[in-house]
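Report on the structure given below.
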Amino acid sequence: MTFATYMITVLLTFPLLIFLILSVLFKRWPQTEKQAIRLAADITTPLFLGAVSFLWFEVWSAGSYWVFVTILLLVGAMFTYYYAKVYEELQPKKLVKGLWRLLFILVMPIYLVVFTYGFVSSMFTYFSS
615 MTFATYMITV
625 LLTFPLLIFL
635 ILSVLFKRWP
645 QTEKQAIRLA
655 ADITTPLFLG
665 AVSFLWFEVW
675 SAGSYWVFVT
685 ILLLVGAMFT
695 YYYAKVYEEL
705 QPKKLVKGLW
715 RLLFILVMPI
725 YLVVFTYGFV
735 SSMFTYFSS
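The working numbering puts the first residue of the sequence shown at 615, with every later residue one more than the last.
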């Protein structure tokens with residue numbers, strides 16, 4: 615394995631830790647706490663998406679991977695519909711930014727649940743054999 619493989623593995627295994635580290639680092643710069651958390655969330659959203667997709671695949675096998683993708687597509691469609699109803703004119707930049715942050719809010723707890731479930735089930739499997 616190469617160094618890049620190890621780095622990608624760490625980034626996808628511990629996105630919550632990366633989010634916390636980035637939040638603390640960005641608070642050191644002359645930004646408000648709100649801006650620091652938003653920037654850290656924007657950067658770590660792809661890490662959470664990748665981590666959830668890999669964990670989902672490991673815990674429930676490839677057969678149910680389509681459920682995760684379908685949920686993401688439905689969330690995107692519902693958010694776009696809501697945005698179109700609330701605002702008269704669709705502004706793509708604001709729409710994408712809002713969807714991106716909504717995905718962070720939704721995927722972070724999913725990551726915690728799937729990670730905890732996978733960890734606990736693997737512990738039961740390890741200790742029962």
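In this text, a Cβ means the ideal position worked out from N, Cα and C, and glycines have one as well.
Exposed or buried, residue i, counting other C-beta atoms within 10 Å across all chains shown (16 or more means buried)?
i       : result
Trp-714 : exposed
Pro-706 : exposed
Phe-741 : exposed
Pro-629 : buried
Val-728 : buried
Phe-682 : buried
When DSSP labels each residue in this structure, what does residue i get in the three-state scheme?
i       : result
Trp-680 : helix
Thr-627 : helix
Glu-703 : coil
Thr-694 : helix
Ser-742 : helix
Thr-730 : helix
Is it true that the CB of residue j sits closer than 8 angstroms to the CB of residue i?
i       : j       : result
Leu-663 : Val-721 : yes
Leu-661 : Ile-685 : no
Phe-668 : Leu-626 : yes
Val-666 : Tyr-725 : yes
Val-689 : Leu-716 : yes
Ala-655 : Phe-640 : no
Gly-712 : Phe-693 : yes
With a cut-off of 8 angstroms on the beta carbons, I'd call residue i and residue j a contact; round off their distance for me.
i       : j       : result
Leu-704 : Tyr-697 : 7 angstroms
What runs of the beta strand (DSSP E), each 3 residues or longer, lie entirely inside the region 619-675? List check, beta strand (DSSP E) in window: nothing returned.
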